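Below: the structure, in structure tokens.
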Amino acid sequence: QVLSYIRTEWDPLDARFSCLQPQQVLTVEHSVSPAKEPMADSCVYKCVRSRIQCSAVTRIPLPARATSCCRDVTEDKLVLGCEDSSVVLYEAYRQVTLLAQAELLPAVITYHPSGAVLVVGSSQGELQLFDTALSPVKIQLLAQDYSPEATLQFSKHCEVPTSLIQIQWAAPAGAFPSPDSVDVHDLLLVRFDKGPLGVLHFKLGVLTRGQLGLVEIIHQYIGYDEIQEAINVLSTMNWNMMGQQCFICLCAICNHLLKQKLTPAREAQLEASLGTFYAPTRPLLDRTVLEYRDPISRYARRFFHHLLRYQRFEKAFLLAVDIGARDLFMDIHYLALDKGELALAEVAKRKANDIDAESITTGIELLGQPDEEDPSCEAFPDQSPE
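Counting the sequence shown from 1 gives a position; the working numbering is that position plus 1.
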């Protein structure tokens, strides 16, 4: 029985029910801009009273026509493979688009259930891994020698006379990633047209407990001193949805950088790491700010003293302004006096005094509030003395 149908505006590349909102159908459609440039429309169709209607359309510019696509388990990220071997990632929450160039022509794409990595495959039987910020991740078959490569080519290991048509992780459909989950998803199904059928077992190591999540991949990046890649992954994470994971990753990155000698690159990396909380692309919820404000401010203070240690007075002053603490300006004042920076010492002292005066004024205003505004007075009505 056909309950309802609708004609799409453009040719659909993909259509499926939403795992999070079963009454919604998500499509990806080939479209073009007014200038005839290739685009993809990410559409949401709602099924209401046995009728289908389009409720939202997001237009994503592409470098070439899309050949494949995939959504992550949260349905926030949409990955598209294009005819020119480029890979485009659109994040709905941050409303940003990332672009990378693959070493193959993307025919099939699948996201790992954790949302940390995605696998791109060509019809010739090649696989390439990317993290969720589209940094390429090298891969190799298990061997004695360490020799990872950009792609894994099945033709080098077995005969594949037909095209690769499916890759899929062994995981329940729509399984939402949890930071406390101990489930291991390390099996990848690979299916060729008319065979063969195979499974890749990813050896993810003992230290990560076999996990391939966002926290694990960031710790791996830190271990290899690939800090920019770690920060890029952190930037894709949503503090409102996965605050604890974001905090763990932020702490790991900052702890690593604060142990190193300060350089312009590391200074920028510390700024970018802390900026994922202090200057996010989208505003954080109040509960998120209240939960993590105090512990993260300790890292901001450590960064401040790290800057002072290397006499980065201007940047330290700006950070002190953001933090708004009197003791930080006094630290600048005394160190600037010691280094002969008298003008800076004077400005820092004045700023510290301003904060003092402001706090005193605020205290006086609170003390001077009329009694009738005190809710405790309403609980005890006036009683005449006996």
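Virtual Cβ for every residue (Gly too), placed ideally from N, Cα, C. The structure displayed is predicted, hence computed values, not measured ones.
Under a three-way DSSP split, which group does residue i fall into?
i	result
G116	coil
G199	strand
R288	helix
P265	helix
I7	coil
P281	coil
Q22	coil
P296	helix
L205	coil
C255	helix
T237	helix
D226	coil
R17	strand
Q323	According to the sequence shown, residue 323 is Asp rather than Gln. Three-state DSSP puts D323 in a helix.
E150	strand
P173	coil
E38	coil
K260	coil
H186	coil
L165	strand
C70	strand
Measuring CA to CA, which of the options is closest to residue i?
i	options	result
C159	E30, G325, P197, L188	P197
A57	I324, I168, L90, T9	T9
W170	L142, V121, P162	V121
A172	D355, Y112, S164, L128	Y112
P62	Y222, D295, I232, V80	V80
S86	E104, E292, Y222	E104
E315	I297, L14, A344	A344
H31	Y147, D15, A349	D15
C20	R66, R50, C55, E76	E76
P13	A41, Q22, Y6	A41
V26	S34, V33, I7	I7
D323	E272, E292, P137, Q312	E272
F155	T59, V191, T289	V191
L213	P149, L251, Y225, L119	L119
L34	W11, I140, H202	What sits at residue 34 in the sequence shown is Ser, not Leu. Residue W11 is the option with its Cα nearest to S34.
H202	Q96, A269, Q141, L286	Q141
P149	V161, L130, P162	L130
T282	K139, W240, L258	W240
E268	R303, K195, M242	R303
Check the C-beta distance from residue i over to residue j and give it rounded, since I have them as a contact under 8 Å.
i	j	result
I166	V216	About 33 Å separates the two Cβ atoms, so there is no contact after all.
P107	G82	2 Å
D357	R327	6 Å
V29	C70	5 Å
S1	I254	The chain is shown only over 2 to 387; residue 1 falls outside these bounds and no answer can be derived.
T68	E84	6 Å
A337	A346	4 Å
V45	A134	About 25 Å; that fails the 8 Å criterion.
D132	I228	No, D132 and I228 are not in contact; Cβ-Cβ is about 14 Å, not under 8 Å.
L320	F305	5 Å
G325	E292	No, G325 and E292 are not in contact; Cβ-Cβ is about 20 Å, not under 8 Å.
T289	L251	Not quite, the Cβ-Cβ distance comes to about 13 Å (not below 8 Å), so this is no contact.
L286	Q270	Not quite, the Cβ-Cβ distance comes to about 26 Å (not below 8 Å), so this is no contact.
Work out the CA separation of residue j and residue i for me, nearest whole Å.
i	j	result
V88	S123	12 Å
P39	D73	23 Å
K260	H307	9 Å
A36	P64	13 Å
S164	E230	33 Å
I297	Y222	21 Å
C48	Q54	7 Å
F18	S43	13 Å
A317	L128	46 Å
R299	I232	19 Å
Q246	A117	12 Å
E342	A349	11 Å
E92	H334	44 Å
N256	Y94	28 Å
L205	H186	10 Å
H220	D339	40 Å
R60	I110	20 Å
S360	R351	14 Å
S136	G224	16 Å
L309	P284	30 Å
D146	K262	33 Å
V200	A266	41 Å
T152	K139	7 Å
S5	P23	16 Å
A144	K157	14 Å
Contained alpha helix (DSSP H) runs [length at least 4] in the region 77-137, N- to C-terminal order: Here no run is fully enclosed.
Those runs of the beta strand (DSSP E) which lie wholly inside the region 329-361 and span at least 3 residues: None, since the region 329-361 contains no complete beta strand (DSSP E) of that length.
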